[in-house]
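Residue numbers (the working numbering): 16 to 413. Beta carbons are placed, not taken as given, at the ideal position from N, Cα and C, and that holds for glycine. Only one structure is covered here, and it is reproduced in the block below.
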Ligand SMILES: Cc1ncc(COP(=O)(O)O)c(C=O)c1O
């Protein structure tokens, strides 16, 4: 490697190390499941987004194998050339059916959906208003667009309305105004007031884009997500989500009107210029949706587990912030305590990660735990016992 480049990279990495921000990911030695093996150790998994326990579900494994038997290992092309198989079309039809929209477009990931669709939707002369805590893929997508960018304080509907008012009262109004929000915020597990956002959008003739990555399979009827939770069918312009969390596989999507799909299909570079997902992933994703559309028992189990876990944490005296979903932060406020808690929990066979600055504000450090439908009550009891023990050691509870 070029000597100067090498030295500069080493300097940057040393800075990150000094700030305790260097990633050194642990390794799974098997499937991602409630009782996982991580770095050679059996642990209760409390930090995966595998909300419905589908990542290692037998039906998805079998669907993936059948996909490979029927269609091979790879797609062999980008979607617009020779990579669109009838499997991709079936999946897009199912997404639209599940999300109750006219149509849907499937991307390789949620990240590429946001980073490709947003710059395609937003052109010069447009404006976008985005919640300050939106996911990095939204931030990157907006940075790639030529639209004017405005940020509103987290879930601050008065702030959003005042920005809308300012934009529409300018002599040179933006051509298009788009409001973008996460559905469920991944650091705090709180839910966006999408009903109020949509009403404001309708009042000011703006459009709406919601990232439902953590609401899919979790919120609403049969886990249909945030639009179902707030009964907003047909009123959200772009309903984006991912298969990498509750659905247990990989791939992003945008459920939208027919014209929205056709537009994105022609305009978003992260769809046009990348090889299509292979048959195993697509077939397993189809299976995940079919399972949910037939039976919502996993969603119900997820919520039973979540309620039980949160109630026990509160009884112990932990502060779990404003969580309204299976994403449950355990607030330590202090970054050192969050890191120490994670380290001690791992020693005690529980895997949960600390979330510290810059992922959250400096004084809002926490351990972020996430519950799945796959956890048995004894798994949760085991983890809760260890959390209580370590919480007492660190003086978080008495
Ligand atoms: C809110 C949100 N949006 C988008 C993504 C990206 O999704 P994917 O993992 O499919 O790239 C994530 C995942 O980290 C997320 O949390």
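Worksheet item: Nearest to residue 384 by alpha carbon, out of 170, 353, 312, 194?
Response: For the purposes of this step, residue 384 is taken as the residue at position 369 of the chain shown. Closest by alpha carbon: 353.
Worksheet item: To which residues of the same chain is residue 199 closer than 6 angstroms at the C-beta, ignoring the five residues directly before and after it?
Response: The residue given as residue 199 occupies position 184 in the chain shown. 206, 229, 230, 340.
Worksheet item: For residue 251, which three-state DSSP category applies?
Response: Locating residue 251 in the chain shown gives position 236, where the first residue counts as 1. DSSP, read as helix, strand or coil, puts residue 251 in coil.
Practice prompt. Apply the 10 Å Cβ neighbour rule to residue 94 and answer buried if 16 or more other Cβ atoms are within range, or exposed otherwise.
Written response: In the chain shown, counting from the first residue as 1, residue 94 sits at position 79. With a 10 Å radius around the Cβ and a threshold of 16 neighbouring Cβ atoms, residue 94 comes out buried.
Worksheet entry | CA-to-CA distance, residue 305 to residue 102, given in whole angstroms | Within the chain shown, residue 102 is the residue found at index 87, counting from 1. Within the chain shown, residue 305 is the residue found at index 290, counting from 1. Roughly 13 angstroms between the two C-alpha positions.
Worksheet item: Are residue 157 and residue 215 closer than 8 angstroms when you measure CB to CB?
Response: Your numbering for residue 157 matches position 142 in the chain shown. Your numbering for residue 215 matches position 200 in the chain shown. Taking C-beta atoms as the reference points, residue 157 and residue 215 fail to come closer than 8 angstroms.
Practice prompt. Just tell me which of 28, 201, 119 has its CA closest to the CA of residue 62.
Written response: Here residue 62 refers to the residue found at position 47 of the chain shown. The residue with the shortest Cα to Cα distance from residue 62 is 201.
Item to complete: Kindly examine ligand 1 and report whether one of its heavy atoms sits closer than 7 angstroms to the Cβ of residue 152.
Response: Taking the first residue of the chain shown as position 1, residue 152 is located at position 137. Answer for residue 152: yes, Cβ within range of ligand 1.
Worksheet item: Terminal residues of the continuous alpha helix (DSSP H) containing residue 155?
Response: Here residue 155 refers to the residue found at position 140 of the chain shown. Residues 151-159.
Practice prompt. Quick one: which unbroken alpha helix (DSSP H) runs of 4-plus residues sit fully inside the segment 329-379? Chain order, please.
Written response: Those alpha helix (DSSP H) runs which fall completely within the segment 329-379 and span 4+ residues are 350-362.
Worksheet item: Which whole-angstrom value describes the C-beta separation of residue 328 and residue 343, a residue pair presumed to lie in contact below a C-beta threshold of 8 angstroms?
Response: Start at 1 with the first residue of the chain shown, and residue 328 comes out as number 313. Start at 1 with the first residue of the chain shown, and residue 343 comes out as number 328. With a Cβ gap of about 7 angstroms, residue 328 and residue 343 count as contacting.
Discussion item. Quick check: is any heavy atom of ligand 1 less than 7 angstroms from the C-beta of residue 244?
Written reply: Taking the chain shown and counting its residues from 1, one reaches residue 244 at position 229. No, since every heavy atom of ligand 1 falls outside the 7 angstroms radius drawn around the Cβ of residue 244.
Fill in: Buried/exposed call for residue 143, threshold 16 Cβ in 10 Å
For this step, residue 143 is matched to residue 128 along the chain shown. Buried, by the Cβ-count rule.
Practice prompt. Note down, in chain order, each residue of its chain lying with its Cβ closer than 8 angstroms to the Cβ of residue 263, except the 5 sequence neighbours on either side.
Written response: Within the chain shown, residue 263 is the residue found at index 248, counting from 1. Hits under 8 angstroms: 65, 67, 68, 69, 70, 71, 72, 75, 299, 303.
Worksheet item: Using a threshold of 7 angstroms, is the CB atom of residue 384 nearer than that to any non-hydrogen atom of ligand 1?
Response: Position 369 of the chain shown, counted from the start, is the residue given in the question as residue 384. No, the Cβ of residue 384 stays beyond 7 angstroms of every heavy atom of ligand 1.
Worksheet item: Of the residues 210, 151, 112, 276, which one's Cα is nearest the Cα of residue 246?
Response: On the chain shown, position 231 is the one that residue 246 refers to. It is 210 whose Cα lies nearest to the Cα of residue 246.
Discussion item. Taking 8 angstroms as the limit between beta carbons, can you name the residues of its chain near residue 147, skipping five residues before and five after?
Written reply: Here residue 147 corresponds to residue number 132 of the chain shown, with the count starting at 1. Cβ neighbours of residue 147 beyond the five flanking positions: 166, 167, 168, 169.
Fill in: Beta-carbon gap between residue 179 and residue 189 smaller than 8 angstroms
The count along the chain shown starts at 1 and reaches residue 179 at position 164. The count along the chain shown starts at 1 and reaches residue 189 at position 174. In this structure, residue 189 does not lie closer than 8 angstroms to residue 179 by Cβ.
Discussion item. Quick check on DSSP: helix, strand or coil for residue 202?
Written reply: Locating residue 202 in the chain shown gives position 187, counting from the first residue. It is coil, neither helix nor strand.
Worksheet item: Buried or exposed: residue 410, going by 16 or more other Cβ atoms within 10 Å of its Cβ?
Response: Along the chain shown, read from residue 1 onward, the residue named residue 410 stands at position 395. Its Cβ having fewer than 16 others within 10 Å, residue 410 is exposed.
Discussion item. Considering only the alpha carbon of each residue, which of 386, 171, 364, 368 lies closest to residue 400?
Written reply: Counting from 1 along the chain shown, the entry for residue 400 is found at position 385. If we check each option's Cα against that of residue 400, 364 comes out closest.
Practice prompt. Confirm the yes/no value for this check: CB of residue 311, any heavy atom of ligand 1, distance under 7 angstroms.
Written response: For the purposes of this step, residue 311 is identified with residue 296 of the chain shown, where counting begins at 1. Checking every heavy atom of ligand 1 against the Cβ of residue 311, none is found closer than 7 angstroms.
Practice prompt. Assign residue 110 to one of three DSSP states: helix, strand, or coil.
Written response: Residue mapping note: residue 110 aligns to position 95 of the chain shown, counting from 1. Reduced to three states, the DSSP call for residue 110 is helix.
Worksheet item: Is the distance from the Cβ of residue 316 to the Cβ of residue 388 below 8 angstroms?
Response: Locating residue 316 in the chain shown gives position 301, where the first residue counts as 1. Locating residue 388 in the chain shown gives position 373, where the first residue counts as 1. For residue 316 and residue 388, yes; Cβs fall inside 8 angstroms.
Worksheet item: Do residue 406 and residue 267 have their CB atoms nearer than 8 angstroms?
Response: Within the chain shown, residue 406 is the residue found at index 391, counting from 1. Within the chain shown, residue 267 is the residue found at index 252, counting from 1. Going by C-beta atoms, residue 406 is not nearer than 8 angstroms to residue 267.
Worksheet entry | CA nearest to the CA of residue 291, picked from 96, 212, 77 | The count along the chain shown starts at 1 and reaches residue 291 at position 276. Minimum Cα distance to residue 291 is reached at 96.
Worksheet entry | Sequence-distant residues of the same chain with beta carbon closer than 8 angstroms to residue 421, five excluded per side | Outside the shown range of the chain, which is 16 to 413, sits residue 421, and nothing can be said about it.
Worksheet item: Should the segment 280-291 be called in touch with the segment 121-136, which here means at least 3 C-beta pairs below 8 angstroms?
Response: Using a C-beta cut-off of 8 angstroms, the segment 280-291 makes contact with the segment 121-136, since at least three inter-stretch Cβ pairs fall below that distance.
Fill in: Boundaries of the alpha helix (DSSP H) in which residue 172 is found, first to last residue
Counting from one through the chain shown, the residue named residue 172 turns up at place 157. Counting along the chain, the alpha helix (DSSP H) containing residue 172 begins and ends at 172-184.
Discussion item. Could you compute how far the alpha carbon of residue 233 sits from the alpha carbon of residue 110?
Written reply: As a first step, residue 233 is located in the chain shown; it is residue number 218 there, counting from the start. As a first step, residue 110 is located in the chain shown; it is residue number 95 there, counting from the start. Residue 233 and residue 110: Cα-Cα distance of roughly 15 angstroms.
Fill in: Which of helix, strand or coil DSSP assigns to residue 384
Residue mapping note: residue 384 aligns to position 369 of the chain shown, counting from 1. DSSP places residue 384 within a strand segment (E or B) once states are collapsed to three.
Worksheet item: Counting only runs that start and end within the segment 64-119, where is the alpha helix (DSSP H) found for 4 or more residues in a row?
Response: 73-86, 101-114, all fully within the segment 64-119.
Worksheet item: Mind checking whether the beta-carbon of residue 340 lies closer than 7 angstroms to any heavy atom of ligand 2?
Response: Ligands in the displayed structure: ligand 1; ligand 2 is not one of them.
Discussion item. Quick check on the burial criterion: 16 or more other C-beta atoms within 10 angstroms. Buried or exposed for residue 358?
Written reply: Walking along the chain shown from the start, residue 358 turns up at place 343. By the 10 Å Cβ count, residue 358 comes out exposed.
Practice prompt. Leaving aside the five residues before and after residue 92 along the sequence, list all residues of the same chain whose C-beta is less than 8 angstroms from its C-beta, in chain order.
Written response: As a working note, residue 92 is residue 77 in the chain shown. Close CB contacts of residue 92 within its chain, under the 8 angstroms cut and outside five residues either way in sequence, are with 98, 290, 291 (chain order).
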